[in-house]
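Enquirer:
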Amino acid sequence: MRGIFPDQRPKAPLTLAARTNLWPLTALGYEVWRQRALTLLSGRPFPLNEELSLMLKRVQPVTGQVFLDLGTSTGLYARALLEAGAARVYALDLSPAMLKVALQKARGRPGFVPLLARAEAIPLLEASVDGVVVGGSWNEFPNPEQVIHELYRVLKPDGRLWVMFSHRSHSPLQRLLEGAGLRFPTLSELMDSLSKSGFKVDGWREGSVGFVAGTKITMQGSVHS
19 MRGIFPDQRP KAPLTLAART NLWPLTALGY EVWRQRALTL LSGRPFPLNE
69 ELSLMLKRVQ PVTGQVFLDL GTSTGLYARA LLEAGAARVY ALDLSPAMLK
119 VALQKARGRP GFVPLLARAE AIPLLEASVD GVVVGGSWNE FPNPEQVIHE
169 LYRVLKPDGR LWVMFSHRSH SPLQRLLEGA GLRFPTLSEL MDSLSKSGFK
219 VDGWREGSVG FVAGTKITMQ GSVHS
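Residue numbers (the numbering used here): 19 to 243.
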């Protein structure tokens, strides 16, 4: 698959939830689910274009900038960023099936760069992107603290961050999904982890969906420096 660069570093075994993303059928149906996901999670009409508008607003400026769409799935956020004027978007996912669909939907769009890799080991140089966006994949990362470390590493100083995630609700369905390897943080837990790791953040939730927007700050004596 042209343009996809596999990461060779050792990785933890994939969870059951992560393995389902390797299935071609999951990739083909992903955007059907995403069109309805936030309406179901928030408890009010929440169309996808509203979500994309929120994301774009919180990661400004976009024009001419370089972004990483982490856990891109079929490239929804990546395409929105490019349509808004981003110069390049690295669309990273661990699933060849998802990236195959993402490439088809990108339709040769200049600046769309697919990366086959894990979020815990991003194959990009330090301080190489202006912004990182995560559209729902946060719940699937088995080691979120390592992901946060990687986000900090690849972001430029003052780089922007956007995360949309499913908030903990203690529902029977969430308990079942946790058994398959998904994680459901609270808004305060995620914001606290990001703040301790060098991000200035704010966030809010609607029903069972949470949003966090932030900026990388350079801390004197930080573990990241």
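All C-beta atoms, glycine included, are put in the ideal place defined by N, C-alpha and C.
#1: CB Pro-162 to CB Ser-211, shorter than 8 Å?
#2: Cα separation between Gly-232 and Ser-60?
#3: By Cβ distance, which residues of its chain are closer than 6 Å to Trp-180, with the 5 residues on each side in sequence left out?
#4: Taking contact to mean 3 or more Cβ pairs, one atom from each stretch, closer than 8 Å, check whether the stretch 110-123 and the stretch 37-52 are in contact.
#5: Report buried or exposed for Arg-54, applying the criterion of at least 16 other Cβ atoms within 10 angstroms of its Cβ.
#6: DSSP state of Trp-156, grouped into three classes?
#7: Which residue from Tyr-95, Arg-125, Leu-121, Pro-160 puts its Cα closest to that of Glu-138?
#8: Report buried or exposed for Glu-144, applying the criterion of at least 16 other Cβ atoms within 10 angstroms of its Cβ.
#9: Near Glu-142, what residues of its chain come up, given a Cβ to Cβ distance below 6 Å and the 5 sequence neighbours on each side ignored?
#10: Give me, in chain order, the residues of the same chain whose beta-carbon lies closer than 6 Å to that of Leu-169; leave out the 5 immediate sequence neighbours on both sides.
#11: Could you check the C-alpha separation between Pro-31 and Ala-120 for me, to the nearest Å?
#12: Measure how close the beta-carbons of Asn-157 and Phe-202 come, nearest whole angstrom, since I'm counting them as under 8 Å.
#13: Tell me Leu-133's beta-bridge partners as DSSP assigns them.
#14: For a test of the three-state rule: what should DSSP assign to Thr-233, helix, strand or coil?
#15: Of the residues Gly-221, His-185, Arg-62, which one's Cα is nearest the Cα of Gly-154?
#16: Run through DSSP, which three-state label would Arg-223 get?
#17: Taking Cβ positions, are Ala-109 and Leu-133 nearer each other than 8 Å?
#18: Grab me the residues of Phe-12's own chain with a C-beta within less than 6 Å of its C-beta, minus the 5 sequence neighbours each way, in chain order.
Expert: On the basis of the data shown:
#1: Translated into positions along the sequence shown, residue 162 becomes position 144. Translated into positions along the sequence shown, residue 211 becomes position 193. Yes. Within cutoff.
#2: Sequence index remark: in the sequence shown, residue 232 carries index 214 (1-based). Sequence index remark: in the sequence shown, residue 60 carries index 42 (1-based). Going from the Cα of Gly-232 to the Cα of Ser-60 covers about 21 Å.
#3: On the sequence shown, residue 180 is found 162 positions in, with the first residue counted as 1. Contacts found: Met-73, Arg-76, Val-77, Val-151, Ala-231.
#4: yes
#5: Along the sequence shown, read from residue 1 onward, the residue named residue 54 stands at position 36. With fewer than 16 Cβ atoms within 10 Å of its Cβ, Arg-54 is classed as exposed.
#6: The residue given as residue 156 occupies position 138 in the sequence shown. In this structure, Trp-156 counts as helix in the three-state DSSP scheme.
#7: Here residue 138 corresponds to residue number 120 of the sequence shown, with the count starting at 1. Nearest of Tyr-95, Arg-125, Leu-121, Pro-160 to Glu-138, Cα basis: Pro-160.
#8: The residue given as residue 144 occupies position 126 in the sequence shown. Exposed, by the Cβ-count rule.
#9: As a working mapping, residue 142 is identified with position 124 in the sequence shown. Position check: residue 142 holds Leu in this sequence, whereas Glu was assumed. If we look at Leu-142 and ignore the five residues flanking it on each side, its Cβ neighbours are Val-172.
#10: Numbered from 1 along the sequence shown, position 151 holds the residue referred to as residue 169. Only Val-150 meet the Cβ criterion.
#11: Taking the first residue of the sequence shown as position 1, residue 31 is located at position 13. Taking the first residue of the sequence shown as position 1, residue 120 is located at position 102. About 24 Å.
#12: Translated into positions along the sequence shown, residue 157 becomes position 139. Translated into positions along the sequence shown, residue 202 becomes position 184. Contact flag correct, Cβ pair sits at about 6 Å.
#13: Locating residue 133 in the sequence shown gives position 115, counting from the first residue. BP columns for Leu-133 point to Leu-110.
#14: Here residue 233 is taken as the residue at index 215 of the sequence shown, counted from 1. Correct three-state label for Thr-233: strand.
#15: For the purposes of this step, residue 154 is taken as residue 136 along the sequence shown, with counting starting at 1. The residue from Gly-221, His-185, Arg-62 with its alpha-carbon nearest to that of Gly-154 is His-185.
#16: In the sequence shown, the residue the question calls residue 223 occupies position 205. Arg-223: strand per DSSP, three-state reduction.
#17: Along the sequence shown, one-based indexing puts residue 109 at 91. Along the sequence shown, one-based indexing puts residue 133 at 115. Yes, the pair counts as a contact, with Cβ atoms nearer than the cut-off.
#18: Absent from the structure is residue 12, since the part of the chain shown begins at 19 and ends at 243.
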